[in-house]
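The structure appears right after this line, and notes come after that.
In the UniProt record's numbering, the protein residues as written are 1 to 323.
Below you can see the structure in the form of structure tokens.
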């Protein structure tokens with residue numbers, strides 16, 4: 001026995017030979033170029049030519065520094081516009097943050113997060129609430145490097161959330177300008193979902209709207225009115241379907257503008273949107289939506305079946321009604 005000592009003339013088993021040296025960890029990866037959350041905000045961009053926090057005012061597609069509200073009813077291309085603006089600013093080597101008022105909306109924009117997650121907004125918010133963002137932390141550094149904030153579905157958010165973010169950005173960027181000098185694009189339709197306040201009166205909901213925020217006088221409103229979704233589908237419509245679709249789009253705008261015929265507590269639907277009196281039942285609704293009989297569908301190709309069912313759906317408020 002060798003008792004751990006090497007003896008001449010004896011071979012060491014292969015399993016006991018020293019292994020080759022593996023790669024050593026790179027300590028330079030802890031630099032600011034890969035630190036979270038800056039890296040997670042723009043994971044495709046690790047270099048930036050201007051000095052972070054420089055005093056050069058950013059520009060939004062040639063528009064000077066300001067606050068904007070993109071008033072966009074459904075179908076007018078709001079999401080497409082937001083994606084275009086974000087891509088343009090990021091392609092110029094600038095930092096653009098995309099946030100949304102809900103998690104579902106945040107899925108529609110690239111590198112988007114909810115406003116509460118991005119800005120550390122507390123759940124219960126008061127007039128004197130603060131964001132949990134240390135001024136010397138990495139999040140504060142990200143905000144100092146930011147040139148543009150796109151806030152989707154802003155009218156759904158309580159005005160105190162915007163005022164809180166405004167104060168926080170002024171603090172971390174050491175600037176008295178609104179939102180610390182960052183260009184902010186608020187997008188959404190104020191005629192749709194308003195802030196939700198449990199057990200509240202209508203006056204309380206109105207008071208919570210963004211239009212009552214202390215910075216609202218500085219906001220420039222931009223309006224989208226053309227229904228791009230309708231225009232994109234016009235080529236697939238017949239000559240009789242196009243005016244009906246345009247009339248429906250105009251009626252929807254009228255509902256939001258409070259210009260359609262209505263009584264004190266109800267709105268009259270156009271007759272063309274209603275089923276005939278003889279078919280106002282479950283079976284009549286199914287026959288109206290799914291016109292082609294099942295036997296005739298069996299003779300169609302897979303692609304034709306997919307196209308047929310993709311353009312049709314029956315929505316129900318409760319699962320029990322579906323069963």
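In this text, a Cβ means the ideal position worked out from N, Cα and C, and glycines have one as well.
{"Check": "Grouping DSSP H, G and I as helix and E and B as strand, with all else coil, what is residue 189?", "Outcome": "coil"}
{"Check": "Once you ignore the five residues that flank residue 228 on each side, which residues in its own chain have a CB closer than 8 Å to its CB?", "Outcome": "75, 76, 77, 80"}
{"Check": "Give the secondary structure of residue 314 by DSSP, where H, G and I count as helix, E and B as strand, and everything else as coil.", "Outcome": "coil"}
{"Check": "Thinking just about the alpha-carbon of each residue, which of 246, 268, 210, 142 is nearest to the one in residue 255?", "Outcome": "268"}
{"Check": "Taking 8 Å as the threshold, find out whether the region 143–152 comes into contact with the region 85–101 through three or more Cβ pairs.", "Outcome": "yes"}
{"Check": "Just to confirm, is the Cβ distance from residue 119 to residue 165 under 9 Å?", "Outcome": "yes"}
{"Check": "Just tell me which of 141, 318, 82, 155 has its CA closest to the CA of residue 180.", "Outcome": "141"}
{"Check": "Applying the criterion that 16 or more other CB atoms from any shown protein chain within 10 Å of the CB defines a buried residue, is residue 370 buried or exposed?", "Outcome": "No answer is possible for residue 370: it lies beyond the span of the chain, which begins at 1 and ends at 323."}
{"Check": "Which of helix, strand or coil does DSSP assign to residue 112?", "Outcome": "strand"}
{"Check": "Pull up the CB-CB distance for residue 219 and residue 67, whole angstroms please, since I reckon it's below 8 Å.", "Outcome": "5 Å"}
{"Check": "Kindly list the residues whose CB is nearer than 8 Å to the CB of residue 103, restricted to its own chain and excluding five residues on each side of it in sequence; keep chain order.", "Outcome": "114"}
{"Check": "Below 9 Å between beta carbons: does that hold for residue 83 and residue 107?", "Outcome": "no"}
{"Check": "Is it true that the CB of residue 188 sits closer than 9 Å to the CB of residue 154?", "Outcome": "yes"}
{"Check": "With H, G and I counted as helix, E and B as strand and the rest as coil, what does DSSP make of residue 292?", "Outcome": "coil"}
{"Check": "Can you tell me the Cα-Cα spacing of residue 192 and residue 72, whole angstroms?", "Outcome": "10 Å"}
{"Check": "For residue 68, name the three-state secondary structure that DSSP assigns.", "Outcome": "strand"}
{"Check": "Taking the C-alpha atoms as reference points, what is the distance between residue 312 and residue 176?", "Outcome": "53 Å"}
{"Check": "Checking the sheet assignment: what are the DSSP bridge partners for residue 240?", "Outcome": "Residue 240 pairs with nothing; no bridge assigned."}
{"Check": "Would you please state the rounded distance, in angstroms, between the beta carbons of residue 206 and residue 172? I believe it to be under 8 Å.", "Outcome": "The pair is not a contact, with the Cβ atoms about 31 Å apart (cut-off 8 Å)."}
{"Check": "Who are the Cβ neighbours of residue 208 in its own chain at under 7 Å, not counting the five residues just before and after it?", "Outcome": "158, 159, 195, 197"}
{"Check": "So which of 274, 224, 223 has the shortest CA-CA distance to residue 248?", "Outcome": "274"}
{"Check": "At what residue ranges does the region 192–275 contain a whole run of the alpha helix (DSSP H), taking only runs of 4 or more?", "Outcome": "202–208, 228–233, 241–257"}
{"Check": "Return the first residue and the last residue of the alpha helix (DSSP H) that residue 171 is part of.", "Outcome": "159–172"}
{"Check": "Using a Cβ-Cβ cutoff of less than 7 Å, which residues in the same chain neighbour residue 272 once the five nearest sequence positions on both sides are dropped?", "Outcome": "244"}
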